Amino acid sequence: MNTNTQNEAIQKSGKFSLGQKPILQFALLNFILLFVAVLPHLGIMRFSTMSIFAYTSIYTVVALGMNILLGFSGLISLGTAGFIGAGALGMGVFLQMGLPYGLAALLVLLIAGSLGALIGLFSLKVESIYLAIATLFIGEILRQVYTSVPIFGGEFISIGAIKLFGVIELNQIFQSHRSILYALIILVQFLVMVLMYNLVKSRTGRALMAMSRSEHAAQAMGINILKYRLTAFITATLYATGGGILYASYFQNAPTRAWTLNISLLIIAMVVVGGFKSIIGTFLGAVIIYGIPNLFLKDLLGDISYVFSGVLIILVILFYPRGFVFVGEDLRRLLRRGLKAGKREAK
Amino acid sequence: NGTGEGGAAQGVTDSTVLVGNAAATSGALAAVGVPFNQGIEAYFSMVNQAGGVAGRTIEWVHYDDEFDGAQGLTYSQRLVEDDQIFAFVGHFGTPTVAATQEYLDTVGIPRVYYATGLRALFDLKAEGGARASFPVQPIYDAEGEVMVARAVADFGAQKIGVIYPNADDGKGLLAGIELRAGSLGVDIVASQVAPDANDMSSAAQTILSEDVDVVLVAANQVPAEVAIKALAAAGNQAPVITSYVNAAPTFVEGVQEALNSFDVYANAWLQVVDNDGNPTEALQEFESQVGEIDPALAGNPYAQAGWIAAAVFVQGLERVGNAPLTWENYIAAMEEAPVSIPLGGSVNFADGRRVGTQAMSLLKASYDDGPVWTVDQPLEPITEILD
Amino acid sequence: MNENKAILSIDSLTMTFGGLKAVDDLNFSMNSGEIVGLIGPNGAGKTTVFNCVTQFYKEYSGNITIHGDDGPVDLQTVPVTKVIKHGIVRTFQNLDLVPDLSIIDNVLIGAHVSFKTGIISHILKTGKARAEEAEYRQKALGILEFLGIHTLRDALAGGQPYGILKKIEIARALMADPKLMILDEPAAGLNDRETDELDRLIYRIRDEFHTSILLIEHDMGLVMNICDRVCAINFGKFLAMGTPDDIKNDPSVQEAYLGQEDQA
Amino acid sequence: MAALGIALIWKTSRTTNFAQGSIGTLNAYVAGILLMSFGWNIWVVAAVSMVSAFLTGVLIDTFIIRPAAKVSPISKQIITLGLIMVIVGLIPLLFGVDPYRLPSFIPSSSVTLAGATLRYNTIFVIAVSLSLMGFLFWFIKNTRWGLAIRVTAASESTAKLMGVPTRTVTMISWASAAMMGTLAALIVAPQSSVNPNMLLDVQVSAFFAGVLGGFSTFAGPVAGSFIIAFARNFTAFYISDIWGNVIVYSLILVFLYFKPYGLFGKKIVKKV
Amino acid sequence: MKPLLSVENLSVSYGAIQALRSVNLEVPRGKIVAILGANGGGKTTLLKKISGLVPAVQGTVTFKDQDITGISAEAIAQAGIVQAPEGRQIFGELTVKENLQIGAFTVKDAKQREQNLQRVYRYFPVLEERSSQIAQTLSGGEQQMLAIGRALMASPEILILDEPSLGLAPLIVRDIFAIIQEIRENGTTVLIVEQNAMQTLKIADFAYVLQVGSMVKSGTAQTLREDPELIEAYLGT
Ligand SMILES: Nc1ncnc2c1ncn2[C@@H]1O[C@H](COP(=O)(O)OP(=O)(O)OP(=O)(O)O)[C@@H](O)[C@H]1O
Ligand SMILES: Nc1ncnc2c1ncn2[C@@H]1O[C@H](COP(=O)(O)OP(=O)(O)OP(=O)(O)O)[C@@H](O)[C@H]1O
Ligand SMILES: CC(C)C[C@H](N)C(=O)O
Ligand SMILES: [Mg+2]
Ligand SMILES: [Mg+2]
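Protein sequence lines correspond, in order, to chains B, F, X, R and C. Counting from 1, position 258 in the first sequence corresponds to residue 247 in my numbering; the numbering is continuous, with no gaps. Counting from 1, position 21 in the second sequence corresponds to residue 126 in my numbering; the numbering is continuous, with no gaps. Counting from 1, position 190 in the third sequence corresponds to residue 233 in my numbering; the numbering is continuous, with no gaps. Counting from 1, position 271 in the fourth sequence corresponds to residue 290 in my numbering; the numbering is continuous, with no gaps. Counting from 1, position 182 in the fifth sequence corresponds to residue 237 in my numbering; the numbering is continuous, with no gaps.
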């Protein structure tokens, strides 16, 4: 072959940017995040800052589901907010009915999962912008149901302390409980990251990508488009609903009016800004979209922080069209260049 | 947490007292949150310039919660735990107030004035930490009752139409309306609308087809305006009464075309003109103070609300005077006698009574050279209107 | 190898688009182990025939039968995604790969239906799932080696030269252990030397993977070199079928497709 | 109207412009401030705000959409989301927090037609949208520049190879979309008021109208708009306002399932 | 005489991959110039650069004595350099006729456009038959004809063809080569990339060979046709 030199170059540059040992990366990231639970007790960080981290991770879980759709399957949903709402309000309703936490979560996931399957069915018929808007319909319908059906309480359902395994009671109004809740969220985030990685690196991940990038070849290779659309949508709704359950567990309150299109768009923004198909990138996306404005911008800029959040989204997309996760590559390159320069100087 | 024994509470030093709130000051609800906070700041700076209260100046901190309850809770916790404020002044918005109620009750920190009519604030006999809660604005249920009482007493209505959005405000008002209508034995024709609808013509037609004597527009701001426009388009002629929230000049401007077909009234818990139609002293003071920030704020009802929130809080401070500034003492001071509301009547917190202001007037909208609300019925205690 | 056993037979196949008869009452069959070429002018309906065989088009009339291990099967009763289970795989005239997957992962897509472990065991990465994944990865690597592109295995498919992309498509098809491989213009875009290489490759595929091959090609050099038999069609209709020499000398084929001998 | 603007951007960039409503709102504020500070006639104000809408569109195209040429369509949508945040955030800073009022184009008089009262303003609105729709439809379908717009949407780089000045094409379409959004805002404003959220509901409806009618045609979104408006009023009147929406949306979903490309949309055949 | 188009010292990279290394090329007016070479040699990249679709790392492209290295693709097309690109890139959702019409976007004169259309229909009658068919549903070869026809619609000064014979039946391939000659007779300069080397060298005036991004041979078509090394290395037997 006369293209060998180029091939090597391709091999180097074309590598999936998850790094060599992604699972280790996830472990490391979540381990560091776990420390956030401790810092406030040492007086190094405010508890409310930990809460911001908690919501960032909750949104990460939701956005990971969106990445399965958007990044791997080339599908889109504008109804995500409806499903986060389903998780939160569903927990509210079931917990108020006195169901144990685990059962309530299971039921909520089951219901939302079947709704996701319904969308999957739909997606076989409807494509591109029509699909996007069909999901927007579903989001809108859910939103209207939440605000009009009396069992959702009109404005909100107050959940209060949650009971795990019937014994451990966690009430977010106590700081130490908040830390435990936060740690649990990080744990779930870690699990979700690992499971997602395994999923997309398997036959299913390949099938999802083939389905969206080369539908005909996929069919010829025996990939059943319906089955994988269902898989994609069910997974995404389960993640979104799971995020909603975490939200309800941490916030211990389930508002009915919060689940607007805007939330769904922000979730998509997390994926886009962070990086399609990248798990770490999705987390970075959530940090940029939710974390940074709440951690820094608001304190620094006050009321115009909202404008800057918008500017931030636009800038990151302009400079990192493939996702902010590629900042890692840039940093590494800079570092290498710096090292080289340093060596040269040393000589 | 909270109160140090005998000594001062958190947020209190010899020369300062720190208070704050979390409010929506960005995004769509900035239109409410920004002037509201400016009203608060205007009052505090007036007090501070006059040397503060009992030797302490008032410091003020606020966070933007984007009208999101989760952020509202996070920032409220920051205010309590990290910034260690003495009290919330002007706790803002249904989502945040709803999400923080349990937490703040547990902490027992004083909250003076809620910028919402959230029904859950209504409490005839508050105890424990809930006693630190001091709602000032009317609560929707109570105002709903007033609406019906007015319709019957002042307009002799037998059959009353109601347009209400499917939200806490609409539902609260409706609950009050139904309660009072039941006891007065009048008929109600209620039509529900979506709070964000741009077109309420079908609701308007439903009401009109029933031939009602008075229409109650049980809604806030934009939906109320949309509803009144829809009523005009549908050919309504019956008088309309709407919520106190709408008793602002800009609202009249919005519905001015409708005034050709029927009269529009609004409840008001504030009285900014005296019986001769001249601006009250309280109003002049308010206008001159906020005018320093932005002259446009003078007619802004949200700025007025913020102003009131700060004023009510300061009255409590003044009552504590030189006694140790603790939560206990503050709560006792607030309960000890009715607190007067600048631009309005007064509010009585005695014996754990937490029901908001108890006096309302009736205003009538007109538009000649500009938008005006004129006093149709003076400020009366709710109990008297209801009789 | 049972040379004369039919593997695919097409009986009075007709496929219309609106008013256009893209395939018109076509009959031919091929035997197991055979390399058969399908030729004809542009728009003759060749790709359409492939699409009917692989069930991308289902509204055809006539019969397409695959003679597999368990007797003849009417392909029309088989959903498009199950065609591969009857040993038929294809490549595409306009390449159809996943650009943002590595080459080896693209090839692994060809093993999609072979996996026995399910989604749950993949998510949990059970030992079985791991072993199976490794097994197919090994197999894919073998095929890439066979095609001489194994050094590229971890490169992304997108941005590779045309010739490499064609080989990836072939590798993906081979992953499924096909009994019948259907190639749509495998030599298009290759230069003469690369086409020579392809000649030999196709033979080796037939012999080492024990498969029959049906191909469409406009490169007459390739067709005449490697095909056991050639079927020519025009305007969707059967024109002639026979050995390459028969076809080369068939006047109707010359007129419709090849042009006069002296210019060829 | 809003539906048309979205359809136009969809045609030219394969991007759905979530900021359509916000751009319209922004320029409605411009109209509002002109009206308040100078007391100009509503027609003049409308004309000026259309010019400012045009400029907004051009600015957005040059500073945001153009540099993002290499960005995937979904990312472009997210850019428009960022735009919403910028615009909604800027409005209070630029125009203060008070809502503005805009009068109707034609004062409130009405005509009774077959039992239903129609205000002249409504008739005017319908007439304007229909003629604009007709013109656009004709333009895109039958002119050289219309073809250029469609080609740019399909593949910008190939369009360039054909000598199509794609920059101008996208700029003009963003500008006209901004104008349509603004027109929608000016039409809606008298019904409610000029506030940052005024077009939220309208915009969602516009999307719905688009799918119902079919995005690939220009008649579709308009027909869709009228059908949805009618169906909502109908169910709202006979059932309830809240459930009305839910029912209408669900019905449309069912409809879409059977006619995935909308009333007028055609299925695009893909060749293997 | 100065060449109509010339490329000097041109290098192009895709990220880490260098696709062209200091390439030189001259295209004289009224001639057919062929670029040959193995897969991945950089032929398409060179054509893309000439059309302004990729940025250069170094070097210049000169057309009619003007530096067009940094000019936008549409300006280059308007100046008269038009390409039938690799992979056809027809507008699949438009009809055949609309595809042809957009090809003539730069032609201001309606009469001229009509003339060009008739000429394309004469070359490829099947396109006239299918003028209202959605381009996506054409057969592979028909799409190829459409791509070539679309480029011809622009009355280009330089016509660039990237593997025009790809997927075409032998008879049509012969037609294409005849058409290319006819186009040259009419005064259009042609720059062509082809795998079909021998046939191309028969009609070309000059030829270049690209290997792994570098120009390794160039000369008149005549000399290259007889170069044994070339026959051995790139053209096969
Ligand atoms: N979906 C379709 N709708 C309309 N016509 C179609 C469709 N698909 C194919 N055709 C027409 O049917 C005819 C046969 O097409 P097909 O793709 O089978 O040709 P082919 O023999 O493969 O040609 P080529 O060698 O050029 O690839 C062509 O004229 C084509 O335009
Ligand atoms: N978009 C791209 N991204 C990355 N690498 C690319 C891209 N396009 C081309 N390349 C690489 O650049 C080199 C030259 O490619 P080019 O397409 O110019 O070759 P070519 O001579 O036209 O080949 P072919 O005969 O396959 O058409 C190849 O190694 C190819 O892999
Ligand atoms: C904007 C707020 C001050 C008022 C609003 N109606 C609420 O209930 O929250
Ligand atoms: Mg074909
Ligand atoms: Mg090439």
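Using N, Cα and C, we set each Cβ at its ideal position, and we do this for glycine too. Here the structure is a predicted model, which is why all the values come from computation and not from measurement.
Check: Does ligand 2 have even one heavy atom less than 8 Å from the beta-carbon of THR99 of chain C?
Finding: THR99 of chain C: yes, Cβ under 8 Å from ligand 2.
Check: So, is the C-beta of ALA135 of chain R closer than 9 Å to a C-beta in chain B?
Finding: In this prediction, ALA135 of chain R has a pLDDT of 48, which is less than 50 and means its spatial position is unreliable; nothing more can be read from the coordinates.
Next item on the list: Identify every residue that forms a DSSP beta bridge with LYS227 of chain X.
Entry: Sequence check: residue 227 of chain X is Asp here, not Lys. According to DSSP, which records beta bridges pairwise, ASP227 of chain X is partnered with X:ILE259.
Next item on the list: Compute the Euclidean distance between the alpha carbons of TYR280 of chain R and LEU166 of chain R, then round it to the nearest angstrom.
Entry: The alpha-carbon atoms of TYR280 of chain R and LEU166 of chain R are separated by roughly 22 Å.
Note to self: To the nearest angstrom, how far is the alpha carbon of PRO63 of chain F from that of GLY195 of chain F?
What the structure shows: Examination of residue 63 of chain F is not possible in this model, given that chain F is present from 106 through 492 alone.
Next item on the list: Determine the contact status of ALA178 of chain R and THR187 of chain R, defining contact as a CB-CB distance below 9 Å.
Entry: The answer is no: Cβ separation not under 9 Å.
Notebook entry, point to check: Mind checking PHE272 of chain B: buried by the 16 CB within 10 Å criterion, or exposed?
Noted result: Per the 10 Å Cβ criterion, buried.
Check: With C-beta atoms as the reference, is SER296 of chain F less than 9 Å away from ILE312 of chain F?
Finding: Yes. Within cutoff.
Next item on the list: Run through the region 118 to 150 of chain F for me and flag every whole beta strand (DSSP E) of 3 or more residues, listed as ranges in chain order.
Entry: Positions of the beta strand (DSSP E) runs, each at least 3 residues long and wholly inside the region 118 to 150 of chain F, are given as 121 to 128 in order along the chain.
Checklist line | Whole-Å CB distance - SER238 of chain F paired with ARG216 of chain F, under 8 Å assumed | finding: Right, the Cβ-Cβ distance comes to about 5 Å (below 8 Å), so this counts as a contact.
Item checked: Bridge-paired residues (DSSP) for LYS89 of chain R -> The partner list for LYS89 of chain R (beta bridge, DSSP) is empty, contrary to what the question assumes.
Next item on the list: Show which residues of chain B have a CB atom less than 9 Å away from the CB atom of PHE99 of chain X.
Entry: What PHE99 of chain X touches in chain B: HIS205, GLN208, ALA209.
Check: Of all the options X:ASN94, X:LEU140, X:THR134, which has the alpha carbon lying nearest to the alpha carbon of LEU118 of chain X?
Finding: Looking at the Cα atoms, X:ASN94 is the closest of the given residues.
Checklist line | Proximity below 9 Å, CB of HIS129 of chain X to CB of GLY111 of chain X | finding: Remark: C-beta atoms of HIS129 of chain X and GLY111 of chain X approach each other more closely than 9 Å.
Notebook entry, point to check: Mind checking whether the beta-carbon of THR90 of chain X lies closer than 8 Å to any heavy atom of ligand 4?
Noted result: Under cutoff, so the answer is yes.
Notebook entry, point to check: VAL137 of chain C CB to nearest chain R CB: under 9 Å?
Noted result: Residue contact with chain R for VAL137 of chain C: present (Cβ-Cβ distance below 9 Å to some residue of chain R).
Notebook entry, point to check: What are the partner residues of TRP67 of chain F, as DSSP defines its beta bridges?
Noted result: Outside the modelled stretch of chain F, which goes from 106 to 492, sits residue 67 of chain F, for which no answer is possible.
Notebook entry, point to check: Beta carbon of ALA209 of chain B, beta carbon of PHE99 of chain X: below 9 Å?
Noted result: A contact, by the Cβ cut-off of 9 Å.
Item checked: Outcome for ARG236 of chain X when other beta-carbon atoms lying within 10 angstroms are tallied against a minimum of 16 -> Result: buried.
Note to self: Given 8 Å as the limit, tell me if ASP139 of chain X has its C-beta closer than that to any heavy atom belonging to ligand 4.
What the structure shows: Set against 8 Å, the gap from the CB of ASP139 of chain X to the closest heavy atom of ligand 4 is not smaller.
Margin query: By the DSSP assignment, the alpha helix (DSSP H) with ASN94 of chain X in it spans what residues?
Written below: Under the DSSP assignment, ASN94 of chain X falls in the alpha helix (DSSP H) whose first and last residues are 89 to 96.
Note to self: Can you pull the chain R neighbours of PHE146 of chain C, defined as C-beta to C-beta under 8 Å?
What the structure shows: Simply ARG169, VAL170, ALA173, SER174, THR177.
Check: Counting pairs of beta carbons, one from the region 268 to 282 of chain X and one from the region 241 to 248 of chain X, are three or more of them closer than 8 Å?
Finding: With a cut-off of 8 Å on Cβ pairs, the region 268 to 282 of chain X is in contact with the region 241 to 248 of chain X, counting three or more such pairs.
Margin query: Give me, in chain order, the residues of the same chain whose beta-carbon lies closer than 6 Å to that of ALA101 of chain B; leave out the 5 immediate sequence neighbours on both sides.
Written below: Only PHE72, ALA75, THR226, THR230 meet the Cβ criterion.
Checklist line | 7 Å CB neighbourhood of VAL112 of chain C in its chain, flanking five on each side removed | finding: In chain order, SER66, VAL67, SER68 place their CB closer than 7 Å to the CB of VAL112 of chain C, counting only its own chain and leaving out the 5 sequence neighbours on each side.
Next item on the list: Counting only the same chain and skipping the five closest in sequence on each side, list residues whose C-beta sits under 7 Å from that of LEU328 of chain B.
Entry: Taken in chain order, the list of residues that qualify is empty.
Margin query: Give the list of continuous alpha helix (DSSP H) stretches no shorter than 4 residues that lie fully inside the region 41 to 72 of chain R.
Written below: At a cut-off of 4 residues, not a single continuous stretch assigned as alpha helix (DSSP H) sits fully inside the region 41 to 72 of chain R.
Next item on the list: Could you give the DSSP three-state label for ASP242 of chain X: helix, strand or coil?
Entry: Three-state DSSP puts ASP242 of chain X in a helix.
Notebook entry, point to check: If you count every other CB in all the chains shown that lies within 10 Å of the CB of SER94 of chain R, and 16 or more means buried, which is it?
Noted result: Note on SER94 of chain R: 16 or more other CB atoms within 10 angstroms of its CB, so buried under the neighbour-count rule.
Item checked: Segment limits, beta strand (DSSP E) that includes VAL273 of chain X -> Where VAL273 of chain X is concerned, the enclosing beta strand (DSSP E) starts and stops at 272 to 277.
Notebook entry, point to check: Got a sec, what are the start and stop residues for the alpha helix (DSSP H) PHE36 of chain B sits in?
Noted result: Unbroken alpha helix (DSSP H) run through PHE36 of chain B: 36 to 56.
Check: If we call anything under 9 Å between Cβ atoms a contact, is ILE110 of chain R one with LEU45 of chain R?
Finding: Yes.
Notebook entry, point to check: Does the distance from the CB of ALA299 of chain X to the CB of LEU216 of chain C come in under 9 Å?
Noted result: At least 9 Å separates the beta-carbon of ALA299 of chain X from that of LEU216 of chain C.
Margin query: Please report the distance separating the alpha-carbon of THR347 of chain F from that of ASN325 of chain F.
Written below: When rounded, the distance between both Cα atoms is 8 Å.
Next item on the list: Report yes if the C-beta of LEU193 of chain C is less than 8 Å from at least one heavy atom of ligand 1; otherwise report no.
Entry: Yes; taking the cut-off as 8 Å, the Cβ of LEU193 of chain C has a heavy atom of ligand 1 nearer than that.
Notebook entry, point to check: Among C:VAL109, C:GLY274, C:ILE231, C:ALA89, which residue has its Cα nearest to the Cα of TYR178 of chain C?
Noted result: Considering only alpha carbons, the answer is C:ILE231.
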